[in-house]
Amino acid sequence: MKAIVDCNNFYCSCERLFKPSLEGKPVVVLSNNDGCIVSRSNEAKQLGVEMAGPYFMAKPLIGKHGVTVFSSNYNLYGDLSWRVMETLRVMFGKKNVEVYSVDEAFLDLGIFPENELQEVAEKIKQTVERWTGIKVSVGVAPTKVLAKVANRLSKKYTQQYEGVMVLDNEEKIIAALKQTQIGEIWGVGYQYAEKLKEHFCIYDALQLSRMSEEFGRTHLGGVTGSRLLRELKGIPSKDMEDELVNKRMIATTRMFGSPVGDIDSIKEAVATYTSRAAEKLRRQHSAAKVVSVFIVSKGEDHNTNFRGAMHGKSVTLPAATSFTNELIKPAVALVDKLYEPGHLYKKAGVMLSGIVPDDSIQGNLFLSETRNCDRRLMDMIDNVNFSQRDDVLKFAASGTERNWKMQQNHISDRYTTRWNELFEVC
DNA sequence: TCTGGGGTCCTAGGACCC
DNA sequence: TCTGGGGTCCTAGGACCC
């Protein structure tokens with residue numbers, strides 16, 4: 004049996020933890036650059052504030068009801084996320100915890116007899132809440148997809164289930180599937196949901212679960228779809244993932260706080276994003292051989308991404324590396340090729356690919372010993388920056404003025420990672 | 001005026017190889 | 001006029017997730 008533990012309205016809960024006066028009041032948290040709404044407290048949901056909606060459009064509603072607004076504070080959320088996950092690892096052992104996202108983790112509960120699962124699930128909820136102050140919902144079922152179904156319902160019918168739902172027999176599974184609409188299934192997005200309704204008159208999860216694996220393969224994206232069908236039928240087909248599996252692509256992209264025209268500022272931004280990407284690379288003990296950069300000018304579609312970007316270029320390095328200085332240089336050089344004077348730019352991004360383990364980097368006889376020195380330098384930078392959950396140490400190419408930085412007009416304090424921003428009890 | 005960021009998996013088709 | 005079989009690697013594009 005598998006469980007999914009999901010933090011309720013995670014970003015909002017993090018903010019409220021240090022502002023208890025907001026308990027029971029509507030709260031929202033904004034995306035980078037204060038663009039969209041990415042987390043809403045239950046009270047905000049009830050007021051009809053839309054998820055992922057642009058902030059400026061929700062402003063009238065937010066103002067009218069006195070909703071409290073926060074910019075994203077990733078220092079705080081990252082630290083609290085770590086505490087939640089660590090709690091689960093202490094309870095169940097590292098091996099049985101798969102961190103799925105900043106606010107969700109799957110657990111393998113295979114070692115527990117079925118008649119204890121309800122108790123175990125309740126224990127998870129209590130312990131995480133007591134140790135971290137973050138409220139969670141727990142769904143338990145034979146497969147990941149069904150656990151997700153259970154989790155959703157445990158939240159939807161809070162009164163009845165109090166945030167814990169265990170699907171340990173056929174009857175309960177059928178009832179749960181019946182209450183789940185097609186588009187609410189994990190792995191069925193908008194496109195598939197429309198297709199299923201329109202062409203096949205399938206509206207709920209129970210109906211879908213009765214279709215064949217072959218149906219999934221043909222209509223829901225090949226093997227992904229057939230796996231989904233199996234999972235719905237209670238046959239585990241999505242294994243617990245080994246978290247040590249490394250990412251094959253690492254990207255850092257950002258909108259600028261406001262459009263930028265001068266090339267030096269764009270280079271600073273690209274150097275900064277490269278540093279961040281390199282840090283992610285080193286954290287997973289990898290090195291990259293390909294550096295790609297794109298910049299998006301003001302007139303272009305804001306959804307423009309790497310592939311769609313008009314102005315993207317990449318270079319293949321002579322040898323894979325994870326050293327910030329060795330990655331910044333080619334990245335900044337790409338800006339020279341992409342930049343057109345007279346344009347205003349609103350966004351830039353850096354992507355590292357061609358990723359290999361850093362102990363398998365192809366040796367080059369002529370590399371000097373200074374590399375060992377650089378290695379130690381990188382380690383030191385990473386340690387200092389990690390301790391602060393921020394890039395307090397950076398390369399000069401990243402700039403000091405940083406007039407391109409994103410807007411965060413409603414940011415809260417970094418209560419758990421900065422001495423001078425500690426929570427005060429008067 | 002103002003709409004985020006970072007990923008994953010899969011398929012099809014073309015180029016190329018022996 | 002006729003023209004095999006089996007592979008790999010890469011890219012583009014489509015779908016999904018939080």
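Residue numbers (this note's numbering): 4 to 429. Beta carbons are placed, not taken as given, at the ideal position from N, Cα and C, and that holds for glycine.
Every unbroken beta strand (DSSP E) inside the region 40-73 [3 residues or more]: 40-43 and 71-73
Cutoff 7 Å; reference residue 420; Cβ partners in own chain excluding five residues on either side: Translated into positions along the first sequence, residue 420 becomes position 417. Around residue 420: 78, 82, 391 and 392.
Where residue 358 falls: helix, strand or coil (DSSP): In the first sequence, counting from the first residue as 1, residue 358 sits at position 355. Three-state result, residue 358: strand.
Endpoints, the beta strand (DSSP E) within which residue 394 is located: Within the first sequence, residue 394 is the residue found at index 391, counting from 1. Residue 394 -> no beta strand (DSSP E), and no H or E assigned at all.
Own chain partners of residue 311 with C-beta closer than 6 Å, once the 5 adjacent residues on each side are dropped: Stepping through the first sequence from its first residue, residue 311 is reached at position 308. Note on residue 311: pLDDT 45, under 50, position unreliable in the model; the coordinate value appears next. None.
6 Å Cβ shell around residue 42 - same chain, five flanking residues per side excluded: Position 39 of the first sequence, counted from the start, is the residue given in the question as residue 42. Hits under 6 Å: 12, 14, 15 and 32.
Where residue 33 sits in the DSSP three-state scheme: Taking the first residue of the first sequence as 1, we reach residue 33 at position 30. DSSP places residue 33 in strand when its eight states are reduced to three.
Counterpart residues of residue 109 in DSSP-defined beta bridges: For this step, residue 109 is matched to residue 106 along the first sequence. The partner list for residue 109 (beta bridge, DSSP) reads 7 and 101.
Residue interval of the alpha helix (DSSP H) (run including residue 298): Start at 1 with the first residue of the first sequence, and residue 298 comes out as number 295. Residue 298 -> not in any alpha helix (DSSP H); beta strand (DSSP E) instead, spanning 289-300.
Sequence-distant residues of its chain with Cβ nearer than 6 Å to residue 154 (five each side left out): Numbered from 1 along the first sequence, position 151 holds the residue referred to as residue 154. For residue 154, where only same-chain residues beyond five positions count, the Cβ hits under 6 Å are 7, 9, 140 and 142.
For residue 187, three-class secondary structure by DSSP: The residue you call residue 187 lines up with position 184 of the first sequence. Helix at residue 187.
Simplified DSSP state of residue 19, which is helix, strand or coil: Within the first sequence, residue 19 is the residue found at index 16, counting from 1. It is helical.
Contact belief for residue 357 with residue 323 at Cβ below 8 Å, rounded distance in angstroms: Position 354 of the first sequence, counting from 1, holds the residue named residue 357. Position 320 of the first sequence, counting from 1, holds the residue named residue 323. Beta-carbon to beta-carbon, residue 357 and residue 323 are separated by about 7 Å, close enough to satisfy the 8 Å threshold.
Residue burial classification, residue 67 (beta-carbon count within 10 angstroms, cutoff 16): By 1-based counting over the first sequence, the position of residue 67 is 64. Result: exposed.
Reduced DSSP category for residue 127 - H, G, I as helix; E, B as strand; rest coil: In the first sequence, residue 127 corresponds to position 124, counting from 1. DSSP places residue 127 in helix when its eight states are reduced to three.
Span separating the alpha-carbon of residue 59 from that of residue 413: To locate residue 59, count along the first sequence from 1; it is residue 56. To locate residue 413, count along the first sequence from 1; it is residue 410. Here the alpha carbons of residue 413 and residue 59 stand approximately 14 Å from one another.
Distance, residue 90 Cα to residue 5 Cα: Residue mapping note: residue 5 aligns to position 2 of the first sequence, counting from 1. Residue mapping note: residue 90 aligns to position 87 of the first sequence, counting from 1. For residue 5 and residue 90, the distance between alpha carbons rounds to 17 Å.
Alpha-carbon to alpha-carbon, residue 317 and residue 224: For this step, residue 224 is matched to residue 221 along the first sequence. For this step, residue 317 is matched to residue 314 along the first sequence. Approximately 30 Å between the Cα atoms of the pair.
Cβ separation of residue 278 and residue 327, assumed to be a contact under 8 Å, to the nearest whole Å: As a first step, residue 278 is located in the first sequence; it is residue number 275 there, counting from the start. As a first step, residue 327 is located in the first sequence; it is residue number 324 there, counting from the start. Yes, they are in contact, since the Cβ atoms of residue 278 and residue 327 sit about 5 Å apart, within 8 Å.
Local Cβ density within 10 Å of residue 305, reported as buried at 16 or more and exposed below that: Along the first sequence, read from residue 1 onward, the residue named residue 305 stands at position 302. Below a pLDDT of 50, predicted positions are generally treated as unreliable, and residue 305, at 48, falls in that range; the measurement from the model is reported next regardless. So residue 305 ends up on the exposed side.
Close beta carbons around residue 209, own chain, < 6 Å, minus the five adjacent residues each side: Here residue 209 refers to the residue found at position 206 when the first sequence is read from its first residue. Correct list, in chain order: 180 and 181.
Coil, strand or helix - residue 137 by DSSP: Looking up residue 137 in the first sequence gives position 134. Reduced to three states, the DSSP call for residue 137 is coil.
Whether residue 359 touches residue 289 by CB criterion (8 Å): Against the first sequence, residue 359 aligns to sequence position 356. Against the first sequence, residue 289 aligns to sequence position 286. A contact, by the Cβ cut-off of 8 Å.
Residue 414 (DSSP reduced to helix, strand or coil): Taking the first residue of the first sequence as 1, we reach residue 414 at position 411. In the structure shown, residue 414 sits in coil (DSSP, three-state: anything other than H, G, I, E or B).
Inter-residue spacing [alpha-carbon to alpha-carbon] between residue 238 and residue 204: As a working note, residue 238 is residue 235 in the first sequence. As a working note, residue 204 is residue 201 in the first sequence. One C-alpha to the other measures close to 24 Å.
Residue 345 to residue 264 span [Cα, whole Å]: Taking the first sequence and counting its residues from 1, the one referred to as residue 345 is at position 342. Taking the first sequence and counting its residues from 1, the one referred to as residue 264 is at position 261. When rounded, the distance between both Cα atoms is 7 Å.
Reduced DSSP secondary structure (H/G/I, E/B, other) of residue 205: For this step, residue 205 is matched to residue 202 along the first sequence. Correct three-state label for residue 205: coil.
Straight-line Cα distance separating residue 220 from residue 244: For the purposes of this step, residue 244 is taken as the residue at position 241 of the first sequence. For the purposes of this step, residue 220 is taken as the residue at position 217 of the first sequence. Straight-line Cα distance between these residues: approximately 22 Å.
Reduced DSSP secondary structure (H/G/I, E/B, other) of residue 257: Translated into positions along the first sequence, residue 257 becomes position 254. Three-state result, residue 257: strand.
Residue burial classification, residue 351 (beta-carbon count within 10 angstroms, cutoff 16): As a first step, residue 351 is located in the first sequence; it is residue number 348 there, counting from the start. The residue is buried, with at least 16 neighbouring Cβ atoms inside 10 Å.
Own chain partners of residue 147 with C-beta closer than 8 Å, once the 5 adjacent residues on each side are dropped: On the first sequence, position 144 is the one that residue 147 refers to. Cβ neighbours of residue 147 beyond the five flanking positions: 5, 7, 109, 189, 234, 239 and 241.
The region 265-285 touching the region 373-390, judged by at least three CB pairs closer than 8 Å: yes
Between the CA atoms of residue 253 and residue 301 - distance to the nearest angstrom: Working through the first sequence from its first residue, we reach residue 301 at position 298. Working through the first sequence from its first residue, we reach residue 253 at position 250. Approximately 25 Å between the Cα atoms of the pair.
Alpha carbon of residue 226 to alpha carbon of residue 195, nearest angstrom: Residue mapping note: residue 226 aligns to position 223 of the first sequence, counting from 1. Residue mapping note: residue 195 aligns to position 192 of the first sequence, counting from 1. CA-to-CA, the gap between residue 226 and residue 195 works out to about 15 Å.
DSSP beta-bridge partners of residue 317: For the purposes of this step, residue 317 is taken as residue 314 along the first sequence, with counting starting at 1. Residue 317 pairs with 295.
Burial state of residue 339 (16 or more Cβ within 10 Å): Numbered from 1 along the first sequence, position 336 holds the residue referred to as residue 339. Under this definition residue 339 is an exposed residue.
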